[in-house]
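Here is the structure we will look at, set down as structure tokens.
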Amino acid sequence: MVIPKFERFLQPANYSSGVNAVSLMQKGVPSVVAEAYRLEQIQGKNLVHAVATALDSLDLFIFSGLSAAKDLSGGEFKQIYHFDAKAETIQYLEANYPELAPKTAVLQLGMFMTNTRAPSPLKPTKVGAPNNVSRVDKSDYMQATGWPASYPHALLS
Amino acid sequence: MPCSAETPVPFIDPNSDPAVFVKALASQPLPPPLLADTKVRQFAGYAKMTTFTEWTELLNKHLPVEVYFEETSIEDWASKVTVVPGVGLELAEMWKYCEKVGYFGGEKGGARIITEVGLKSRVLRQGERRLTVP
Chain A
11 MVIPKFERFL QPANYSSGVN AVSLMQKGVP SVVAEAYRLE QIQGKNLVHA
61 VATALDSLDL FIFSGLSAAK DLSGGEFKQI YHFDAKAETI QYLEANYPEL
111 APKTAVLQLG MFMTNTRAPS PLKPTKVGAP NNVSRVDKSD YMQATGWPAS
161 YPHALLS
Chain B
238 MPCSAETPVP FIDPNSDPAV FVKALASQPL PPPLLADTKV RQFAGYAKMT
288 TFTEWTELLN KHLPVEVYFE ETSIEDWASK VTVVPGVGLE LAEMWKYCEK
338 VGYFGGEKGG ARIITEVGLK SRVLRQGERR LTVP
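Pasting the structure below:
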């Protein structure tokens, strides 16, 4: 399943080994992680707006968040987008919905043990063997990650 | 990995642990925020804080091959993650952030560790409120 918004990022030319967001952006290729960050910021605000409409009857809003990596590292780490998008959502809530803030609990979960099955350097690999694959097909990726085939993953075609 | 072997890394079992933490938060009065300039309460939920030293020991104990940990630069590690462009650098920075600041943002992050504040799932007492709104 491919989410159409991401299709333009998934050209094979964008998958050669060793690419990163910075070098891609220098070449004029839009960054999929920066785009995901932008979407998560929008979704976060939408979520806060929706919760605020139920403020009167609301007991407790539990938000699955992460720490503000860019701010708390003094700007040293600027590309931990999946942390910052969530932290900015809560900063937005705090700044714009002072009555919702005291009813909000952010739950920061640790990393998933299942991450270690992914085809990344976190998965222990044999010395000398390729540490990763530049383009995995759907069945390999599913097998490697242990995700069910029905998992709606944006990056698989 | 692009962080030291002693970097604390929190792990959960995603299929069961989130429900335990959510139930703990939703079933009792919550302590106030740790930081003075925020009204949002921040909680850290994890089953075990571990290090790659521990990991390597465990893998060596249970696998029939020799496993070792190698610390790399952010750039070297990022270049090996090629499934999606950009993800390598994002994750590599995250590991280094875990070493230098902490996954939960360190002291300035203001997150209370759920187990350390004694939050366990329980039923509200009669007349007890979930939140005391300041």
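One line per chain: the protein sequences are A and B, in this order. Numbers in our numbering are just positions in the first sequence, counted from 1, shifted up by 10. Numbers in our numbering are just positions in the second sequence, counted from 1, shifted up by 237. The C-beta atom is built at its ideal place from N, Cα and C for all residues, glycine as well. All values derive from a computational prediction rather than experimental measurement.
Skipping 5 residues on each side, what residues in its chain have a beta carbon closer than 8 Å to that of Gly-75(A)? Residue numbering aside, residue 75(A) sits at position 65 when the first sequence is read from its first letter. Excluding five sequence positions before and after Gly-75(A), the CB atoms of its chain that fall closer than 8 Å to its own CB belong to Lys-96, Ala-97, Thr-99, Ile-100, Val-116, Leu-117, Gln-118, given in chain order.
Residues in the region 38-57 of chain A with C-beta within 8 Å of chain B's C-beta atoms, listed in sequence order? Within the region 38-57 of chain A, the qualifying residues are Val-39, Ser-41, Val-42, Val-43, Ala-44.
Anything in chain B within Cβ reach of Gly-85(A), meaning under 9 Å, just list it in chain order. To locate residue 85(A), count along the first sequence from 1; it is residue 75. Simply none; closest approach about 12 Å.
In whole angstroms, what is the alpha-carbon distance linking Ala-329(B) and Gln-363(B)? Counting from one through the second sequence, the residue named residue 329(B) turns up at place 92. Counting from one through the second sequence, the residue named residue 363(B) turns up at place 126. Between Ala-329(B) and Gln-363(B), the C-alpha separation is close to 48 Å.
Answer with buried or exposed for Ile-249(B), where buried requires no fewer than 16 other C-beta atoms within 10 angstroms of its C-beta. Mapped onto the second sequence, residue 249(B) falls at position 12. Result: buried.
What are the start and end residues of each continuous alpha helix (DSSP H) run of 4 or more residues lying completely inside the region 63-95 of chain A, in chain order? Fully enclosed alpha helix (DSSP H) runs of 4 or longer: 79-82.
In chain B, which residues lie with their C-beta within 7 Å of the C-beta of Tyr-2(A)? Lying before the first or after the last residue shown, residue 2(A) is absent from chain A, which here runs from 11 to 167.
Presumed contact (8 Å Cβ cut-off) between Tyr-305(B) and Val-246(B), rounded CB distance: The residue given as residue 305(B) occupies position 68 in the second sequence. The residue given as residue 246(B) occupies position 9 in the second sequence. The beta-carbon distance between Tyr-305(B) and Val-246(B), rounded to whole angstroms, is 17 Å. This is too long to meet the 8 Å contact definition.
Residue burial classification, Leu-65(A) (beta-carbon count within 10 angstroms, cutoff 16): Working through the first sequence from its first residue, we reach residue 65(A) at position 55. A residue is called buried once 16 or more other Cβ atoms fall within 10 Å of its Cβ, and Leu-65(A), having fewer, is exposed.
Note down the Cα distance separating Cys-240(B) from Thr-63(A), rounded to an integer number of angstroms. Walking along the second sequence from the start, residue 240(B) turns up at place 3. Walking along the first sequence from the start, residue 63(A) turns up at place 53. As the crow flies, the alpha-carbon of Cys-240(B) is around 43 Å from that of Thr-63(A).
DSSP three-state label for Phe-246(B), please. As a first step, residue 246(B) is located in the second sequence; it is residue number 9 there, counting from the start. With the sequence shown as reference, residue 246(B) is identified as Val, and Phe is not the correct amino acid for it. In this structure, Val-246(B) counts as strand in the three-state DSSP scheme.
Which residue spans inside the region 301-343 of chain B form an unbroken beta strand (DSSP E) run of at least 3? Scanning the region 301-343 of chain B from its first residue to its last, no whole beta strand (DSSP E) run of 3-plus residues comes out.
Let me make sure I understand the geometry here. Which of Pro-251(B), Asp-274(B), Ala-242(B), Phe-258(B) has the alpha-carbon closest to that of Ala-105(A)? Within the first sequence, numbered from 1, the residue matching residue 105(A) stands at position 95. Minimum Cα distance to Ala-105(A) is reached at Asp-274(B).
Chain A contact residues for Val-338(B), given Cβ-Cβ distances below 7 Å: Locating residue 338(B) in the second sequence gives position 101, counting from the first residue. Leu-82, Ser-83, listed in chain order.
Which residue marks the beginning of the alpha helix (DSSP H) containing Thr-114(A), and which one marks its end? Within the first sequence, residue 114(A) is the residue found at index 104, counting from 1. Per DSSP, Thr-114(A) belongs to no alpha helix (DSSP H); it is in the beta strand (DSSP E), 114-119.
For chain B, is any of its Cβ atoms less than 8 Å away from the one on Asn-111(A)? Within the first sequence, numbered from 1, the residue matching residue 111(A) stands at position 101. In the sequence as displayed, the identity of residue 111(A) is Ala instead of Asn. True, the Cβ-Cβ gap to chain B drops below 8 Å.
If you follow the alpha helix (DSSP H) that Lys-260(B) is in, where does it begin and where does it stop? On the second sequence, position 23 is the one that residue 260(B) refers to. For Lys-260(B), the enclosing alpha helix (DSSP H) begins and ends at 254-263.
Neighbourhood of Ile-351(B) by C-beta distance below 7 Å, restricted to the same chain and skipping five residues each side: Locating residue 351(B) in the second sequence gives position 114, where the first residue counts as 1. Excluding positions up to five away in sequence, the list reads Phe-258, Ala-261, Phe-280, Ala-281, Gly-282.
Assigned secondary structure, Asn-141(A) (DSSP; H/G/I helix, E/B strand, else coil): Position 131 of the first sequence, counting from 1, holds the residue named residue 141(A). Because Asn-141(A) sits at a pLDDT of 48, beneath the cut-off of 50, its placement in the model cannot be relied upon, and the following sentence gives the value as read from the coordinates. In this structure, Asn-141(A) counts as coil in the three-state DSSP scheme.
Determine, using beta carbons only, whether Thr-99(A) comes closer than 8 Å to chain B. Sequence index remark: in the first sequence, residue 99(A) carries index 89 (1-based). Not closer than 8 Å to any Cβ of chain B, the Cβ of Thr-99(A) fails to qualify, so no.
Is the separation between the beta-carbon of Glu-243(B) and that of Thr-287(B) shorter than 8 Å? Here residue 243(B) corresponds to residue number 6 of the second sequence, with the count starting at 1. Here residue 287(B) corresponds to residue number 50 of the second sequence, with the count starting at 1. No, Cβ-Cβ distance for Glu-243(B) and Thr-287(B) is not below 8 Å.
What is the DSSP secondary structure of Val-146(A), reduced to helix, strand or coil? As a position in the first sequence, residue 146(A) is number 136, starting the count at 1. Confidence is the limiting factor: at Val-146(A) the pLDDT is only 40, short of 50, which leaves the residue's position unreliable and the question unanswerable from this model.
Relative to chain B, which residues along the region 58-79 of chain A have a C-beta separation below 9 Å, given in chain order? Under the 9 Å Cβ criterion, the region 58-79 of chain A contributes Asp-69, Leu-70, Ile-72, Phe-73, Ser-74, Gly-75, Leu-76, Ser-77, Ala-78, Ala-79.
If Gly-346(B) sits next to Leu-103(A), beta carbons under 8 Å apart, how far is it from one beta carbon to the other, in whole angstroms? Taking the second sequence and counting its residues from 1, one reaches residue 346(B) at position 109. Taking the first sequence and counting its residues from 1, one reaches residue 103(A) at position 93. About 16 Å separates the CB atoms of Gly-346(B) and Leu-103(A); that is not less than 8 Å, and the two are not in contact.
Going along chain B in order, which residues have a C-beta closer than 8 Å to the C-beta of Tyr-91(A)? In the first sequence, counting from the first residue as 1, residue 91(A) sits at position 81. Correct list: Glu-327.
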